[in-house]
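These protein sequence lines are chains A and B, in that order. Heads up: the first sequence at position 165 corresponds to 165 in the numbering used here, and the numbers run straight through without jumps. Heads up: the second sequence at position 451 corresponds to 451 in the numbering used here, and the numbers run straight through without jumps. No residue lacks a Cβ here, since even glycine has one placed at the ideal position from N, Cα and C. Everything on this sheet refers to the single structure shown next.
Number of protein chains: 2
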Amino acid sequence: MSVGPKVTAKVSMESLFRIFTVPEAPDSTLGRIEQHLSENLEDFLSSHIVAQERPLYEIEQDFGLSQIPEQPEFVSDHTEKLLQTLVAQSVHTASPRFIGHMTSALPYFLLPLAKLMVGLNQNLVKIETSKAFTPLERQVLGMMHHLVYGENDAFYQRWMHNADHSLGAFCSGGTVANITALWVARNNLLAPSDSFAGVAAEGLPAGLSYYGYSRLVVLVSERGHYSLSKAADVLGIGRKNIVAVPTDENNRIQIDALRDIAREVTESGGRVMAIVGIAGTTETGHIDPLDEMAAIAQSFEAHFHVDAAWGGATLMSDTHRALLRGIELADSVTIDAHKQMYVPMGAGMVLFKDPALVNAIEHHAEYVIRRGSKDLGSHTMEGSRPGMAMLVYSALHVMGRKGYELLINTSIEKAKFFADLIDRQADFEVVTQPELCLLTYRYIPASLKRRLRAASPEQIAQVTPSLNVLTKYIQKTQRENGRSFVSRTKLTPAQYHREPTLVFRSVLANPLTTEAMLRDIIEEQRDIAEGAPGLLQRVMDAATEAGL
Amino acid sequence: MSVGPKVTAKVSMESLFRIFTVPEAPDSTLGRIEQHLSENLEDFLSSHIVAQERPLYEIEQDFGLSQIPEQPEFVSDHTEKLLQTLVAQSVHTASPRFIGHMTSALPYFLLPLAKLMVGLNQNLVKIETSKAFTPLERQVLGMMHHLVYGENDAFYQRWMHNADHSLGAFCSGGTVANITALWVARNNLLAPSDSFAGVAAEGLPAGLSYYGYSRLVVLVSERGHYSLSKAADVLGIGRKNIVAVPTDENNRIQIDALRDIAREVTESGGRVMAIVGIAGTTETGHIDPLDEMAAIAQSFEAHFHVDAAWGGATLMSDTHRALLRGIELADSVTIDAHKQMYVPMGAGMVLFKDPALVNAIEHHAEYVIRRGSKDLGSHTMEGSRPGMAMLVYSALHVMGRKGYELLINTSIEKAKFFADLIDRQADFEVVTQPELCLLTYRYIPASLKRRLRAASPEQIAQVTPSLNVLTKYIQKTQRENGRSFVSRTKLTPAQYHREPTLVFRSVLANPLTTEAMLRDIIEEQRDIAEGAPGLLQRVMDAATEAGL
């Protein structure tokens, strides 16, 4: 595409003025460029193909210069270059055959709204740079709080727009949300007293010493998200003090083990600071027994946090919300709107049952977030932030609770369909059944499938490494073929005596994924496996050697 | 606007399918809505008026419901509502008369690119969901690293795309950037040794105890951004251990005081973990003597961080970059692209001189950011993140270094013009002169202006409270009038014997702000003051009482 005469772009205050001035849409140069971009984006998004495989080192050549270019570039030239080097080499996360991660398709109406949001360029840290966006964000947090806790109208009338309290914090994502929750938990546990200014002021070593704890401990199942150990590192608690509690055969935390470990920690002078339940583990999609965990948290006077970054949206389904029963007992809950709420990347939230809880992390300054102001920045870890809450607001309104319910229900049904489909194959097996719309599975030679289930731990240990090599090969080859994408992870399945097992991981959130596509994905994986006789032979050799 | 027949929106899988399917642009319903939105946004952005004042409690009525709506809404209806309740009530941060904060105008070409970025919905935590966006982000960090440190080509060839190292971390904003820098500093100081697993694993109390420090201390001038005490809280160091070093009459850190305090901390068993220099204080825009601070940091073996969130872009001006001399000696530097780099909200960066420094915060998981992968997520505090780096990339290319240079130079010249203009008024005075494009000033009755400069500390203390009341009144009234906006802050100016003094704060970054507009702003402030004879009388009474 060529726009305007090709002369060299020049630096002048006049040309700079122009780029900061409202263009005369839509027949202006920028109008035409935008049209061209939109068409290209639509082509890209409707091509239904996972990114064309080009080796990363080749792509890196296009991004190799380390100096900021001296001279300006025409927008039209720059856009062409972007389409070729970047857009064509990005990942079609919206493709219905991209079923490997929690990033999925977006409803299209969010794109013009996102442009509006960016163009308004509000800064949510303070009212002075956000005005109506501040009550909007508070309302979104209120609605999500209501979804989780279901307090009455009087509660929300009192707290939703209250300057000194907050029903939650909007964050760039689930990691910041989880860190914020544990930060609040830590500061509330080691709170100020008559003779101690509190951990926020005095620091963690002084806090432990004042309260007489040898260490703070966070208990979470071994399926907990890595952001929790990151939080323990950041907050000074230490990664070792995130104690991984064993899970049962359904990847749910073992309640007895949780209680025993909490008791041991306490008896040895440590303090259980928080217990974290997971509502939708990243690897298998399972939900911890939240109500039982809440009871244990209460008995140890520990903060109960639920990481529902991915699974939280399930609360909008009347059919499935009981899976998360007990979540309303949590002191704090993380939900990512950019996961199962179909909002663009950058929309995490943490909700607090008690609106006064955030006072533990309150902060003020002279020029912004002054005391008594309604500035959102006084209760967030981040400072300047964009108005992403608007996209959550729009998605909630345009789709409605019932729209979300339908999306959630359909996703779970699709995952169950896929699990059945896999189980009916002679040469595939489901490793973890879907509770929400996530399942794991693998390819396994037909002759081995049944025998492995009955094998001894030693036999499984002998065969699994070669199966893992095969699984990894299939997953990488399928990704490189570029027609579809499933991810992979390493589990320790109970049915395989906890032997570290590589599996395919599939997330069925995209409403455009059809059953035919799922059949194709299985077919392709089988073809890849059968096209690698050497790897198959290694599996069969290992089986023979193990006496299977 | 009415789009399509007004029937009730219904929930059906078919209607949901439609919103996830590529619309047939541009004559589709969504195409028309987008056109309407664009026109409205352009109207809004070109109206050059600061947000219409409507009391916040009234706006809150529009955002009062706490329940997620059950039924879906038509996009067209929803959009109309958004334009009325949200867009019309947001803040015109791009207005050339909005000179009160660091949020300014955006170049228009970034808006269609932002829509493209949102539509691609990449997740930068891992290659699998970002592909070419990962090398692009690494290149942007490389270019910014080069801007600060100017290493040679071989250095960038070796490190820019290196899997196990990182020249920096892209963040949602300067606060996360500052926290990340101090997190790296803390973890490197309390690093693993033969008999200690390091602070990341063991926690801060164990780290202090192993290394034998009574406390960690961060030294920064009293003008330091509030995000630094937030960082000290989050990281478990404690807000009390951010020690504010006095500043000189130009709001720069006093080097002797810095050295003395560092020595006292060390002698009393504490450890100076980091010294933070500021390149553009939020309140006055001044730059610390970075080279001298670097020398002190080195002598105390402390991490030297420079918070150049706002001022860092000055490095692109050959005329002014010497103001930041010594920044190349910093171990880490924060720069926000959404401040003086004219990129939309949500684009912070922290750069590390030594690409191995980030290993102190490295983390991995089984399903993403595996060891040896080039996944950006292994070295960031955040997890899932959008592809904002693309907008920085585009801005750097379309404007070029020379374009930025011109913007920076013009802003600083404009600030100097404004300062001169103010000083020429009989009834205004500059409180802090601009070093970059930020200055502070206030209205002061002409008869008092000269006399106050020669007044005794006691006299100043007697008069200042009434002047502060007047300043606050003028600033609030001007904001409420809605034609223009300056912010306000509280300083302790040397010329007024450190008496807490409210001032107007003005940031002249918007290239569309004209000298005529600045004259208007002054005129309006004068009119407001003269329209408040009661407040003026209180000032004069206080002066009389003080014998002035």
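Apart from the 5 residues on each side of it in sequence, A/Tyr213 sits with its Cβ closer than 8 angstroms to the Cβ of Gly269, Gly270, Arg271 in its chain, given in chain order. For B/His78, no beta strand (DSSP E) run applies; the uninterrupted alpha helix (DSSP H) run containing it begins and ends at 75–85, by DSSP. Within the stretch 415–470 of chain A, the complete beta strand (DSSP E) segments of 3 residues or longer fall at 428–432, 438–443, listed in chain order.
Around the Cβ of B/Ser166, a 10 Å sphere holds 16 or more other Cβ atoms; the residue is buried. In this structure, the alpha-carbon of B/Val140 lies about 13 angstroms from that of B/Leu376. In the DSSP assignment, B/Ala154 is bridged to no other residue. Nearest to B/Leu351 by C-alpha distance, out of B/Ala461, B/Ser484, B/Ala169, is B/Ala169. For B/Thr489, the enclosing beta strand (DSSP E) covers residues 487–491. Every unbroken stretch of the alpha helix (DSSP H) spanning 4 or more residues and falling wholly within the stretch 83–157 of chain A is given here in chain order: 110–120, 133–149. Contacts between A/Asp153 and chain B, judged by CB atoms closer than 8 angstroms, involve Ser66 in chain order. Taking the Cα positions, B/Lys126 is about 14 angstroms away from A/Ser227. Around the Cβ of B/Met160, a 10 Å sphere holds 16 or more other Cβ atoms; the residue is buried. Listed in chain order, the non-local C-beta contacts of A/Glu249 below 6 angstroms within the same chain comprise Ala494, local neighbours out to five positions each way being set aside. In this structure A/Gly383 is buried. Its beta-carbon is surrounded by 16 or more other beta-carbon atoms within 10 angstroms. For A/Ala262, there is no enclosing beta strand (DSSP E); the residue is found in the alpha helix (DSSP H) stretching over 255–267.
No Cβ-Cβ contact shorter than 7 angstroms links B/Ala309 with B/Ile275.
Residue range 501–507 is occupied by the beta strand (DSSP E) that includes A/Phe504, with no alpha helix (DSSP H) assigned at that position.
Among the residues of chain A, those whose CB is under 7 angstroms from the CB of B/Met143 are Ser66, Gln67, Ile68, following chain order.
Selection A/Pro107, A/Thr334, A/Leu315 evaluated against A/His305 yields A/Thr334 as nearest (Cα-Cα).
A distance of 7 angstroms or more separates the beta carbons of B/Gly236 and A/Leu136. Residue-level contact check: A/Ala446 does not touch chain B, since none of the beta carbons of chain B fall below 7 angstroms from its beta carbon. Among the residues facing chain A, B/Asp256 is not included, as its CB has no counterpart in that chain under 7 angstroms away. Here the C-alpha atom of B/Ser317 lies approximately 11 angstroms from the C-alpha atom of A/Glu70. CA-CA distance, B/Pro192 to A/Ala347, rounds to 35 angstroms. Note that the C-beta distance between A/Ala337 and A/Val265 is not below 7 angstroms. According to DSSP, residue pairing for A/Leu351 in a beta bridge involves A/Gly168, A/Val333. Under DSSP, B/Arg271 shares a beta bridge with B/Leu216. Using a Cβ distance threshold of 7 angstroms, A/Ala200 and B/Asp233 count as a contacting pair. In this structure A/Phe17 is exposed. Its beta-carbon is surrounded by fewer than 16 other beta-carbon atoms within 10 angstroms. For the pair A/Arg97 and A/Ser484, the CB atoms are nearer than the 7 angstroms cut-off. Counting only residues of its own chain and dropping the five nearest sequence neighbours on each side, A/Glu151 has a CB closer than 8 angstroms to the CB of His145.
The stretch 103–115 of chain B makes no contact with the stretch 420–435 of chain A; the number of CB pairs closer than 8 angstroms stays below 3. Residue state for B/Ser373 is assigned as coil, using DSSP reduced to three classes. Judged by their CB atoms, A/Ile327 and A/Leu290 are nearer to each other than the 7 angstroms cut-off. Here A/Gly531 is exposed: its Cβ has fewer than 16 other Cβ atoms, across all protein chains shown, within 10 Å.
Only Arg505, Pro511, Leu512 from the stretch 491–521 of chain A bring a Cβ to less than 7 angstroms from some Cβ of chain B.
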